[in-house]
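Notes follow once the structure below has been shown.
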Amino acid sequence: MHKEPRKVREFRRREQEILDTALKLFLDQGEDSVTVEMIADAVGIGKGTIYKHFKSKAEIYLRLMLDYERDLNELLHSADVDKDKEALSRAYFEFRMRDPQRYRLFDRLEEKVVKGNQVPEMVEELHKIRASNFERLTLLIKGRISEGKLEDVPPYFHYCAAWALVHGAVALYHSPFWSNVLEDQEGFFQFLMDIGVRMGNKRKRDTDVPGN
Numbered sequence: 001m002h003k004e005p006r007k008v009r010e011f012r013r014r015e016q017e018i019l020d021t022a023l024k025l026f027l028d029q030g031e032d033s034v035t036v037e038m039i040a041d042a043v044g045i046g047k048g049t050i051y052k053h054f055k056s057k058a059e060i061y062l063r064l065m066l067d068y069e070r071d072l073n074e075l076l077h078s079a080d081v082d083k084d085k086e087a088l089s090r091a092y093f094e095f096r097m098r099d100p101q102r103y104r105l106f107d108r109l110e111e112k113v114v115k116g117n118q119v120p121e122m123v124e125e126l127h128k129i130r131a132s133n134f135e136r137l138t139l140l141i142k143g144r145i146s147e148g149k150l151e152d153v154p155p156y157f158h159y160c161a162a163w164a165l166v167h168g169a170v171a172l173y174h175s176p177f178w179s180n181v182l183e184d185q186e187g188f189f190q191f192l193m194d195i196g197v198r199m200g201n202k203r204k205r206d207t208d209v210p211g212n
């Protein structure tokens, strides 16, 4: 197997370090307060080195979002999901809900770059990956419907219901009022995830019971 030259490996390592550091700063201080110079200082490199990897802060935003959607794509095509279709719901909810702060951040970042028409080619790539994820989810959901495991409704009903549950959970997490009400946040999110896993399962109706 061909091994990448050391310079290429070092370039990739440095790029990932920039992304990891930028994400932490965005979460801790808010993306609007963070400058490219602050990211460079935190990494311990010159500001110019950042620009060798990313032309603007918007490019950093989009690389973070692209990597996030690629991770989901990898999950949806994983052997675990292929072997055990019931693992799909739990894997999806765990992925989306394990880090509510990051989920909320990426939601804001996408709104910024789309409204500002920033780096449109990267936004297009993001939407292509997301469309691919939707197609994969649709295929998996159709399979569960045909097996009689999920309610026979359009697949997007199931997907959008899952998205709405995650979005609502993240809004609760960030609400000044509700975050105080949720004394056991970890327990609540686990409870919500369990609901999400069962959501949309085909129910045995009274009319299905013999003798009725």
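In terms of the UniProt record's numbering, the sequence shown opens at residue 1 and continues consecutively.
Note that the Cβ used here is the ideal one computed from N, Cα and C, for glycine as well.
CA-to-CA distance, residue j to residue i, given in whole angstroms
i: residue 13; j: residue 145; result: 43 Å
i: residue 15; j: residue 79; result: 29 Å
i: residue 6; j: residue 50; result: 19 Å
i: residue 140; j: residue 83; result: 12 Å
i: residue 28; j: residue 129; result: 28 Å
i: residue 186; j: residue 166; result: 14 Å
i: residue 285; j: residue 190; result: Summary: the structure shown does not reach residue 285, with the chain confined to residues 1 through 212, and so no result is reported for it.
i: residue 46; j: residue 102; result: 26 Å
i: residue 195; j: residue 142; result: 20 Å
i: residue 48; j: residue 38; result: 12 Å
i: residue 81; j: residue 68; result: 18 Å
i: residue 163; j: residue 32; result: 26 Å
i: residue 41; j: residue 30; result: 17 Å
CB of residue i within 9 Å of CB of residue j, strictly
i: residue 92; j: residue 126; result: no
i: residue 105; j: residue 23; result: yes
i: residue 151; j: residue 200; result: yes
i: residue 52; j: residue 35; result: no
i: residue 122; j: residue 192; result: no
i: residue 43; j: residue 17; result: yes
i: residue 133; j: residue 76; result: yes
i: residue 213; j: residue 149; result: With the chain covering only 1 through 212, there is no way to say anything about residue 213.
i: residue 100; j: residue 197; result: no
i: residue 109; j: residue 188; result: no
i: residue 95; j: residue 71; result: yes
Residue i - containing alpha helix (DSSP H), residue span
i: residue 48; result: 47-53
i: residue 89; result: 87-97
i: residue 67; result: 57-76
**Message:** I'd like the ranges of any alpha helix (DSSP H) spanning at least 4 consecutive residues and lying wholly in the region 114-187.
**Reply:** 120-146, 155-174 and 178-181
**Prompt:** Is the region 179-189 in contact with the region 156-164, if contact means three or more CB pairs nearer than 8 Å?
**Reply:** No: fewer than three Cβ pairs fall under 8 Å.
**Request:** Take every Cβ of the region 115-132, pair it with every Cβ of the region 53-71, and state whether three or more of those distances are shorter than 8 Å.
**Result:** Cβ pair count under 8 Å is three or more, so yes.
**Request:** Give, in chain order, every unbroken run of the alpha helix (DSSP H) that is at least 4 residues long and sits entirely within the region 5-42.
**Result:** Those alpha helix (DSSP H) runs which fall completely within the region 5-42 and span 4+ residues are 6-29.
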